[in-house]
Amino acid sequence: MSSRVGRALSVQIFGESHGAAVGVTIDGLPAGIALDEAALAAFVSRRAAKGSAIATGRRESDLPKIISGLCNGHTTGYPLTAIFENADTHSSDYSFLPDQPRPGHADYPALVKSGGWDDLRGSGHHSGRLTLPYVFAGGVALQALEALGVQIAARVYSIGDIQDDPIDECTPDWEALLAARQREIPTVNEAAGKAMKEAILAAKAEQNSVGGVVEIIALNVPAGLGAPYFEGVEAVLGQHLFSIPAVKGVEFGAGFQAALMNGSAYNDPYEQKGQRIGTTRNKAGGLCGGLTTGMPVIARAAFRPTASIAQPQQTVSLGAFKAGEEASRELTVHGRHDPCVVVRAVPVAESAMALGLFELWIQHNGDKPFQENA
4 MSSRVGRALS
14 VQIFGESHGA
24 AVGVTIDGLP
34 AGIALDEAAL
44 AAFVSRRAAK
54 GSAIATGRRE
64 SDLPKIISGL
74 CNGHTTGYPL
84 TAIFENADTH
94 SSDYSFLPDQ
104 PRPGHADYPA
114 LVKSGGWDDL
124 RGSGHHSGRL
134 TLPYVFAGGV
144 ALQALEALGV
154 QIAARVYSIG
164 DIQDDPIDEC
174 TPDWEALLAA
184 RQREIPTVNE
194 AAGKAMKEAI
204 LAAKAEQNSV
214 GGVVEIIALN
224 VPAGLGAPYF
234 EGVEAVLGQH
244 LFSIPAVKGV
254 EFGAGFQAAL
264 MNGSAYNDPY
274 EQKGQRIGTT
284 RNKAGGLCGG
294 LTTGMPVIAR
304 AAFRPTASIA
314 QPQQTVSLGA
324 FKAGEEASRE
334 LTVHGRHDPC
344 VVVRAVPVAE
354 SAMALGLFEL
364 WIQHNGDKPF
374 QENA
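The opening residue of the sequence shown carries number 4 in the working numbering; numbering runs sequentially from there.
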């Protein structure tokens, strides 16, 4: 088994939610990428949503400790490794494990796969805690892409049936997307964000949870990145996005709505845009035949409701089942959990877009140094 993704740019995450630490090793980074560690830590901190009533009560410093691959503020071209120590763990909240698997969690199939050896405290290696080192890796890729002129931002597209305002698919309002980052729920329409918060708090009051959709947008992506079929942009980005816990659907551009359209409405006509070629609309989400077109890359990821809820749910006792006894049980999950993971998933989704696009850039350009250290 491998918790690794990527070829030209490999990302390996490790650790467990209630273990000593979680971390990441990034292999394939070109030498000479200037990393702003303060900006990197600030990006990572967005994932925590500390102090918000709609986030978990777990409190960790989430400060990365870089132990290899960085010298004098620049990547060396060799594996970059960072770890995050775990401190605020309440393992007693999971005393019912491994006997009674939680509905909606990976507990049961994980025990089958590992022969009973999996560490399921706080969901172990299956936990959303592992998105922390992944976001660190995404922050590195974001800084590299920004140096190349590529910009990436995400926002909460919807929570339940409450949807944010649409954006222009050809010329997204970048300032509006940046402004959304400053809000508790990052939406373009502040009123929509407030309505979403009310829906999340209502679910929390009912000891329930709610899902939603994150939209990710990348600007200034050069045309021609990617390949047909197995290394196409959709394939690479899809693997990253589907690797985020709780993601159950991914679409690009018009996405599933394309199935309801005629070709005349879906195809993006080409036109001259100053010194470059563009399209008059962007139903393809900046992607055609597995390649970038030079238009904004637009993706959306659908997140299921949080699995851990405090309502009584039906499960089984695995011990009773093995003993041939009546196994049905009622389980109430306690502990500190998000009533909605969508808000904290925004920087995770940005990381997925950044890591996928930067790998495609490396495949296209090779791993030559970003700059010479003369």
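Backbone N, C-alpha and C fix where the C-beta goes; we use that ideal spot for every residue, glycine too.
Note that this is a predicted model, so its numbers are computed, not measured.
Asked	Found
Look up Thr28 in the DSSP assignment and give the residues it is bridged to.	Gln15 and Thr84
Is Ala45 buried or exposed, if buried means 16 or more other CB atoms sit within 10 Å of its CB?	exposed
Quick check on Ile365: does DSSP put it in helix, strand or coil?	helix
Please name the residue in Gly277, Ala302 and Gln278 whose C-alpha comes closest to that of Asn285.	Ala302
Would you kindly check if the distance between the Cβ of Thr335 and the Cβ of Pro308 is under 8 Å?	no
Work out the CA separation of Gln317 and Glu328 for me, nearest whole Å.	16 Å
Say whether the region 61-81 touches the region 161-181, bearing in mind that this needs 3 or more beta-carbon pairs closer than 8 Å, one atom from each stretch.	no
Excluding the 5 residues flanking Ile86 on each side, which residues of the same chain have their C-beta closer than 6 Å to its C-beta?	Ala24, Gly26 and Lys68
Please state whether the Cβ-Cβ distance between Pro225 and Thr295 is less than 8 Å.	yes
For the region 180-229, which segments carrying the beta strand (DSSP E) assignment without a break, of at least 3 residues, lie completely within its bounds, in sequence order?	215-222
Report the start-end ranges of each beta strand (DSSP E) in the region 283-340 that is 3 residues or longer and not cut off at the edges.	300-306, 316-319 and 331-334
Would the beta-carbon of Val349 fall within 8 Å of that of Arg158?	yes
Residues bridged to Gln242 by DSSP?	BP columns for Gln242 are empty, so no partner.
If distances are taken between C-alpha atoms only, which option among Ala150, Phe306 and Asp171 comes closest to Asp164?	Phe306
Just the C-alpha distance for Glu19 and Gly241, rounded to the nearest angstrom, thanks.	24 Å
Mind checking whether Gly142 and Leu43 have CB atoms under 8 Å apart?	yes
So the beta strand (DSSP E) Phe255 belongs to, where does it begin and stop?	Val250 to Phe255
Using the three-state DSSP reduction, which class does Arg132 fall into: helix, strand or coil?	helix
If you measure between the beta carbons of Val351 and Val213, is that distance less than 8 Å?	no
For Val217, tell me which candidate among Leu360, Cys343 and Gln103 has the shortest Cα-Cα distance.	Cys343
Where do the N-terminal and C-terminal ends of the beta strand (DSSP E) with Val159 fall, by residue?	Gln154 to Ile162
I need the boundaries of the beta strand (DSSP E) containing Glu375, first residue and last residue.	No beta strand (DSSP E) contains Glu375, which DSSP labels as neither H nor E.
Can you say whether Ser5 is buried or exposed, counting buried as having 16 or more other CB atoms within 10 angstroms of its CB?	exposed
Check Gln146 in the structure and name its three-state DSSP category.	helix
According to the neighbour-count rule (16 or more other Cβ atoms, all chains shown, within 10 Å of its Cβ), is Gln185 buried or exposed?	exposed
Roughly how many angstroms separate the alpha carbons of Tyr111 and Leu363, rounded to a whole number?	36 Å
According to the neighbour-count rule (16 or more other Cβ atoms, all chains shown, within 10 Å of its Cβ), is Lys200 buried or exposed?	buried
Taking 8 Å as the threshold (beta carbon to beta carbon), is Tyr269 in contact with chain B?	Looking for chain B here will not work: only one protein chain is present.
My guess is that Asp30 and Ser13 are in contact by the Cβ rule of under 8 Å, so how many angstroms apart are they, rounded?	4 Å
Count the other CB atoms, across all protein chains shown, that sit within 10 Å of the CB of Ser98; report buried if there are 16 or more and exposed otherwise.	exposed
Compute the beta-carbon to beta-carbon distance between Leu290 and Phe255, rounded to the nearest angstrom, for a pair I have assumed lies under 8 Å.	6 Å
Give the range of the alpha helix (DSSP H) segment to which Glu40 is assigned.	Glu40 to Arg49
Confirm, please, whether the CB-CB distance from Leu358 to His243 is below 8 Å.	yes
Take Ala304 as the anchor and find which of Ala206, Ala11 and Ser354 has the nearest alpha-carbon.	Ser354
Return the first residue and the last residue of the beta strand (DSSP E) that Ser71 is part of.	Lys68 to Ser71
Does the beta-carbon of Asn75 have 16 or more other beta-carbons within 10 angstroms, so that it is buried, or is it exposed?	exposed
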